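**Student:** Let me begin by handing over the structure; questions about it come next.
Number of protein chains: 2
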Amino acid sequence: MARPRSFDPDDVLEIARQMFWQKGFQATSLDDITAASGVAKPSLYAAFGDKNALFLKVLDRYHDGILGWAERVLAQPGPARDIIRQWLIGFIPYCSGEKGQRGCLSINSATDGSLDQVELRKSIERYNRRLEELLRTRLRTDRAQFRKGFDPDITAHTIMVVHAGLLALAHQRPDSKQVKAVIDQVMSLLA
Amino acid sequence: MARPRSFDPDDVLEIARQMFWQKGFQATSLDDITAASGVAKPSLYAAFGDKNALFLKVLDRYHDGILGWAERVLAQPGPARDIIRQWLIGFIPYCSGEKGQRGCLSINSATDGSLDQVELRKSIERYNRRLEELLRTRLRTDRAQFRKGFDPDITAHTIMVVHAGLLALAHQRPDSKQVKAVIDQVMSLLA
DNA sequence: TTTATTATGTACTTTAAAGTACAGAATGTG
DNA sequence: CACATTCTGTACTTTAAAGTACATAATAAA
Chain A
1 MARPRSFDPD
11 DVLEIARQMF
21 WQKGFQATSL
31 DDITAASGVA
41 KPSLYAAFGD
51 KNALFLKVLD
61 RYHDGILGWA
71 ERVLAQPGPA
81 RDIIRQWLIG
91 FIPYCSGEKG
101 QRGCLSINSA
111 TDGSLDQVEL
121 RKSIERYNRR
131 LEELLRTRLR
141 TDRAQFRKGF
151 DPDITAHTIM
161 VVHAGLLALA
171 HQRPDSKQVK
181 AVIDQVMSLL
191 A
Chain B
192 MARPRSFDPD
202 DVLEIARQMF
212 WQKGFQATSL
222 DDITAASGVA
232 KPSLYAAFGD
242 KNALFLKVLD
252 RYHDGILGWA
262 ERVLAQPGPA
272 RDIIRQWLIG
282 FIPYCSGEKG
292 QRGCLSINSA
302 TDGSLDQVEL
312 RKSIERYNRR
322 LEELLRTRLR
332 TDRAQFRKGF
342 DPDITAHTIM
352 VVHAGLLALA
362 HQRPDSKQVK
372 AVIDQVMSLL
382 A
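Those protein sequence lines, which keep their order, are chains A and B.
Take 1 as the starting number for the first sequence in my numbering and just add one per residue.
Take 192 as the starting number for the second sequence in my numbering and just add one per residue.
Below, the structure is given as structure tokens:
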């Protein structure tokens with residue numbers, strides 16, 4: 001009954017994600033996204049709202065991607081230690097070398113002082129809470145695999161800290177072997 | 192032989208540091224710094240160069256402050272483990288609660304995609320290299336205090352990762368007890 | 001006291017990017 | 001076909017902030 005959209009919103013979100021991830025929120029203009037996607041500004045505004053709203057949608061998408069993957073990996077059968085190690089190893093391509101330079105979109109956003117919108121903070125907090133919950137649940141469930149006195153809650157949080165640290169330092173493009181060595185060393189806490 | 196400066200450059204750098212740290216590079220305008228310091232823009236330009244150059248000076252100052260403190264703490268006599276623990280504990284006020292929200296100026300800058308100037312990257316890399324070197328040197332020197340097979344180099348890097356992780360997650364204002372628990376757990380790697 | 005020199009403050013220009021007005025195009029329906 | 005409806009593209013306005021021109025003020029030296 002009316003003119004249909006000439007683009008797939010999901011494609012645009014994907015393009016926007018790449019640009020925001022690479023250049024950051026501030027340095028990515030809507031003109032950039034228009035140029036890369038071929039979708040003019042009025043259409044972007046109609047489909048996603050203003051720049052903040054667009055970024056929030058992109059970030060939520062990013063979060064969902066990582067959470068979905070974490071859920072799949074951490075639900076696998078086997079020793080919790082091996083599973084969590086496997087999960088961390090999976091981040092190595094994003095924590096080292098060329099690709100590592102952009103770091104993590106979520107952490108980049110969390111550390112960006114100019115982005116202190118309430119919605120954004122909530123999204124990031126929710127993401128961190130969920131991720132930590134996945135780790136905690138797994139460690140609690142498999143608690144019997146560890147030493148007496150093992151604390152699943154603190155350990156889950158420590159893994160979150162290491163994870164964040166690796167992705168924060170990723171901007172320096174460390175060597176993947178070094179990242180792996182850190183993961184291996186930290187994994188010795190799971191005993 | 193000429194009109195003297197009416198302000199102390201160091202005072203301005205201190206004010207600029209607070210503003211950049213709180214609001215980030217992009218969101219802090221020179222007009223903000225002018226308003227806070229009482230120094231007009233042409234004077235800022237004459238004294239520090241453009242905004243990027245000013246920020247670089249601020250960041251170097253910040254780095255020097257932390258490095259100086261780390262040198263002092265890590266040179267103290269005593270078991271390396273206790274000394275390094277003390278050093279990490281010293282960050283707790285900056286990793287938790289209200290004050291933690293701004294995180295670390297260096298990490299905030301490293302994760303800011305819009306700040307990919309060469310000079311800036313160099314400054315941050317140099318800072319990280321020096322900090323890690325202080326840790327590594329101490330761990331190597333006191334290597335005899337640890338188990339057979341203890342690797343000072345990897346351990347120094349792991350501590351850097353944890354340090355970065357704590358400061359990246361600081362933006363969520365975690366509880367100081369939780370931060371302390373993570374530090375204590377990680378310290379068990381030094382044995 | 002005059003002069004050379006550098007700092008300061010006002011007010012300007014420039015630029016980049018967010019956001020929008022509006023005319024016209026593309027569809028489904030009667 | 002004609003119409004209601006929503007989308008699209010061009011071109012505009014607005015705003016915020018970086019950077020600067022210029023007249024003036026403050027000092028040290030001669």
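C-beta atoms are modelled at their ideal positions from N, C-alpha and C, and glycine is treated no differently.
Because the structure is a prediction, the values reported are computed rather than measured.
Distance cutoff 8 Å, beta carbons only. Does B/ASP241 sit that close to anything in chain A?
**Tutor:** With 8 Å as the cut-off, B/ASP241 does not count as an interface residue toward chain A.
**Student:** Is there at least one Cβ from chain A nearer than 8 Å to B/LEU380's Cβ?
**Tutor:** Yes, B/LEU380 lies at the interface with chain A (some Cβ there is under 8 Å from its Cβ).
**Student:** Which of helix, strand or coil does DSSP assign to A/GLY88?
**Tutor:** Here residue 88 of chain A turns out to be Leu, not Gly, going by the sequence shown. Of the three classes helix, strand and coil, the one that applies to A/LEU88 here is helix, per DSSP.
**Student:** Going along chain B in order, which residues have a C-beta closer than 7 Å to the C-beta of A/HIS171?
**Tutor:** ALA301 and THR302
**Student:** Counting C-beta neighbours from all protein chains within 10 Å, is the total for B/ASN351 16 or more, i.e. buried, or is it exposed?
**Tutor:** It should be pointed out that residue 351 of chain B corresponds to Met in this sequence rather than to Asn. When all chains shown are included, B/MET351 counts as buried.
**Student:** Can you tell me where the alpha helix (DSSP H) holding B/PHE198 begins and where it ends?
**Tutor:** First-last for B/PHE198: undefined, no H or E at that position.
**Student:** Roughly how many angstroms separate the alpha carbons of A/VAL39 and A/TYR94, rounded to a whole number?
**Tutor:** 29 Å
**Student:** Less than 8 Å between the beta carbons of B/GLU316 and A/GLN172, yes or no?
**Tutor:** yes
**Student:** Just the C-alpha distance for B/GLU324 and B/VAL373, rounded to the nearest angstrom, thanks.
**Tutor:** Rounded to the nearest angstrom, the gap between the Cα atoms of B/GLU324 and B/VAL373 is 22 Å.
**Student:** Between the segment 313 to 327 of chain B and chain A, which residues of the former have CB atoms less than 8 Å from a CB of the latter, in chain order?
**Tutor:** ILE315, GLU316 and ASN319
**Student:** In chain B, which residues lie with their C-beta within 9 Å of the C-beta of A/ILE154?
**Tutor:** Within chain B, the residues near A/ILE154 are GLN369, ALA372, VAL373, ASP375 and GLN376.
**Student:** When the distance is taken between beta carbons, is A/ASN108 closer than 8 Å to B/THR302?
**Tutor:** Yes.
**Student:** Excluding five sequence neighbours on each side, which residues of the same chain lie with their C-beta closer than 6 Å to the C-beta of A/HIS63?
**Tutor:** TYR127, listed in sequence order.
**Student:** Is it a yes or a no for the segment 15 to 35 of chain A touching the segment 305 to 313 of chain B, going by three-plus beta-carbon pairs under 8 Å?
**Tutor:** yes
**Student:** Would B/ARG293 pass as an interface residue toward chain A - the criterion being a Cβ-Cβ separation below 8 Å?
**Tutor:** yes
**Student:** Return yes when the Cβ of B/ARG321 is within less than 8 Å of the Cβ of B/LEU279, no when it is not.
**Tutor:** no
**Student:** Let's see if you can read the secondary structure: which residues bound the alpha helix (DSSP H) around B/VAL264?
**Tutor:** 242 to 265 is the extent of the alpha helix (DSSP H) around B/VAL264.
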